[in-house]
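In this note's numbering, the protein residues as written are 5 to 620.
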């Protein structure tokens, strides 16, 4: 009896720990899907500047990257070749891997390859990276140790092993991922030591006056100074208190819902009011791991209640394509009451079909049958997933979306059936090996000490952690586990502006080089300063080389402008010379009037022969 009581107590403690330090399998699957979509979008956006940012014809040639920008321990196979074709091939492979992660095919090996590709890509041009890239890269690293494909995936649908018991995955890696998110926000809070955060609470004022990062909607919000102290204090308080609340053992699942929702709403505000690229969405993704089982149980109950009674799907079991399709549909569409049955000769005769290997018949609770593609259409239409995702839309819109999905399936079914026929049943491992657990544990300790070292910039007591042996930094730089979370810290950027590049063609006419327009430049302030930057990568790059007064990179940028313009022009229309200016605007305290715009020369450049210099 004593043994049984102890066993019950131990199980209760383990369940409690799993709820606090574990991650629901469905939350992991959602993170997998969202992370894959973000990767595909990110790569697609980067591809629009593939030549400019990743080839030897761009702003950072490989020699300059290795000798002037990158850490000596950076590893990048993107540096193996500087041609556009080579980078296109690598991007195509990277996007294909992201798609495989999306559908959950060979999830662990795919995650490892994606992590290596991401590390390589980021090492190719560090000048265009931001905090969102760091979060995405670190999530990929921790995902290597986690069962992202345990549900809603090809791996889980064709898994011959026993599914993991319980709703939560609890391991050293789950704790590591949770701790990583906590560190991001606690470190960000600790870096914010300037009086604009801690005394006069004017940080949001300066953030929204840095128009280089402010959207058109943010310019409207910037006129409401009265709420800025509240926004400053509330964001600071959330970064301090929120990470601790997720560890509260009492009503833990509800604390997680409240805290994760609060952070997601905060980052949604960043997405609406600021021009930060994918950073807010990556940050929102990081809080999806805290969605507790109670949320998924309620959502699943709602979706399955809408399904019309018990459903039976008849097909030939075994290695047949129809059986694999049935398993995949059941997994991805989240059916709980869909039964897959082996078709018998009598049932085949009853259904009116002859060829067993091609049987794919759905029978609902009223006895009505749907055959082949019609069965797939019906499953998509009545699935719990469709119900949950589209319930809030008008009926006509729901029908249109379902119709388009089915049309896409019909259009691609030949390829899909062929691809599915090549899939194999496989036994998957969801529990970490001892070696992987030890490696994850070492990674936790490494990342904790790394962050303590970065805090040495602000706190004297942390400086000893930043002075360790140099060899300890090699893994951090090689695997890009390095991190410093000084976001808007110790104070927000207090100067911004926009670029004006006044040029002259060989034949004499003036040109606006920055906007690639023949004619005089416009010196007036744009309505939306952030829109003068093509995208967030260019914004980061141009801000970095200006603020660091990096003459080498400024010259590289100028040489790129010459190549870019003259590659498509001949004779007199070629670019001869230009001057790069930055229209500098300093942010003033809340009670002071807006300062003057200062025309700041950065660089004078001749595309032919004449030496180039920093403008006076």
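Each residue gets a CB set at the ideal place from its N, CA and C atoms; glycine is no exception.
For residue i, three-class secondary structure by DSSP
{"i": "residue 580", "result": "strand"}
{"i": "residue 418", "result": "helix"}
{"i": "residue 174", "result": "coil"}
{"i": "residue 586", "result": "strand"}
{"i": "residue 507", "result": "strand"}
{"i": "residue 123", "result": "helix"}
{"i": "residue 343", "result": "strand"}
{"i": "residue 246", "result": "helix"}
{"i": "residue 604", "result": "strand"}
{"i": "residue 452", "result": "helix"}
{"i": "residue 430", "result": "strand"}
{"i": "residue 86", "result": "coil"}
{"i": "residue 57", "result": "helix"}
{"i": "residue 5", "result": "Note that residue 5 scores a pLDDT of 42, beneath 50, so its modelled location is shaky and nothing firm can be said."}
{"i": "residue 595", "result": "coil"}
{"i": "residue 384", "result": "helix"}
{"i": "residue 28", "result": "strand"}
{"i": "residue 305", "result": "helix"}
{"i": "residue 241", "result": "helix"}
{"i": "residue 525", "result": "coil"}
{"i": "residue 499", "result": "strand"}
{"i": "residue 218", "result": "strand"}
{"i": "residue 163", "result": "strand"}
{"i": "residue 402", "result": "helix"}
{"i": "residue 13", "result": "In this prediction, residue 13 scores a pLDDT of 48, lower than 50, which makes its location untrustworthy; the coordinate-derived value is nonetheless stated afterwards. It is helical."}
{"i": "residue 348", "result": "coil"}
{"i": "residue 396", "result": "coil"}
{"i": "residue 491", "result": "coil"}
{"i": "residue 134", "result": "coil"}
Counterpart residues of residue i in DSSP-defined beta bridges
{"i": "residue 484", "result": "Note: residue 484 sits in no beta bridge, so no partner."}
{"i": "residue 373", "result": "367"}
{"i": "residue 518", "result": "None, per the DSSP bridge assignment."}
{"i": "residue 315", "result": "342"}
{"i": "residue 322", "result": "Answer by DSSP bridge pairing: none, since residue 322 is not bridged."}
{"i": "residue 270", "result": "Looking at the DSSP assignment, residue 270 forms no beta bridge with any residue, so it has no partner."}
{"i": "residue 609", "result": "582"}
{"i": "residue 278", "result": "218"}
Supposed contact pair residue j and residue i - C-beta distance, whole angstroms, cut 8 Å
{"i": "residue 495", "j": "residue 518", "result": "Incorrect: roughly 29 Å between the Cβ atoms, too far for contact."}
{"i": "residue 263", "j": "residue 294", "result": "7 Å"}
{"i": "residue 281", "j": "residue 539", "result": "7 Å"}
{"i": "residue 149", "j": "residue 444", "result": "5 Å"}
{"i": "residue 244", "j": "residue 259", "result": "Actually they are not in contact, since the Cβ atoms of residue 244 and residue 259 sit about 15 Å apart, beyond 8 Å."}
{"i": "residue 183", "j": "residue 446", "result": "With 8 Å as the limit, residue 183 and residue 446 do not qualify as a contact, their Cβ atoms being about 13 Å apart."}
{"i": "residue 304", "j": "residue 338", "result": "7 Å"}
{"i": "residue 292", "j": "residue 38", "result": "6 Å"}
{"i": "residue 277", "j": "residue 221", "result": "6 Å"}
{"i": "residue 174", "j": "residue 26", "result": "3 Å"}
{"i": "residue 509", "j": "residue 579", "result": "6 Å"}
{"i": "residue 157", "j": "residue 202", "result": "That belief does not hold up - the Cβ atoms of residue 157 and residue 202 are roughly 46 Å apart, past 8 Å."}
{"i": "residue 95", "j": "residue 51", "result": "6 Å"}
Min CB distance residue i to chain D below 8 Å
{"i": "residue 541", "result": "Going by chain labels, chain D is absent from the structure shown, which holds only one protein chain."}
C-beta contact flag for residue i and residue j at 8 Å
{"i": "residue 97", "j": "residue 54", "result": "no"}
{"i": "residue 363", "j": "residue 319", "result": "yes"}
{"i": "residue 451", "j": "residue 485", "result": "yes"}
{"i": "residue 68", "j": "residue 109", "result": "no"}
{"i": "residue 507", "j": "residue 567", "result": "no"}
{"i": "residue 64", "j": "residue 131", "result": "yes"}
{"i": "residue 317", "j": "residue 286", "result": "no"}
{"i": "residue 487", "j": "residue 140", "result": "no"}
{"i": "residue 307", "j": "residue 392", "result": "yes"}
{"i": "residue 115", "j": "residue 147", "result": "yes"}
{"i": "residue 368", "j": "residue 187", "result": "no"}
{"i": "residue 128", "j": "residue 83", "result": "yes"}
{"i": "residue 315", "j": "residue 424", "result": "no"}
{"i": "residue 213", "j": "residue 591", "result": "yes"}
{"i": "residue 151", "j": "residue 29", "result": "yes"}
{"i": "residue 605", "j": "residue 583", "result": "yes"}
{"i": "residue 417", "j": "residue 377", "result": "yes"}
{"i": "residue 20", "j": "residue 594", "result": "no"}
{"i": "residue 170", "j": "residue 387", "result": "no"}
{"i": "residue 32", "j": "residue 154", "result": "yes"}
{"i": "residue 570", "j": "residue 611", "result": "yes"}
{"i": "residue 118", "j": "residue 133", "result": "no"}
{"i": "residue 384", "j": "residue 375", "result": "no"}
- Query: Enumerated in chain order, which unbroken segments of the alpha helix (DSSP H) with a length of 4 residues or greater are wholly contained in the region 527-572?
  - Reply: 540-551, 555-570
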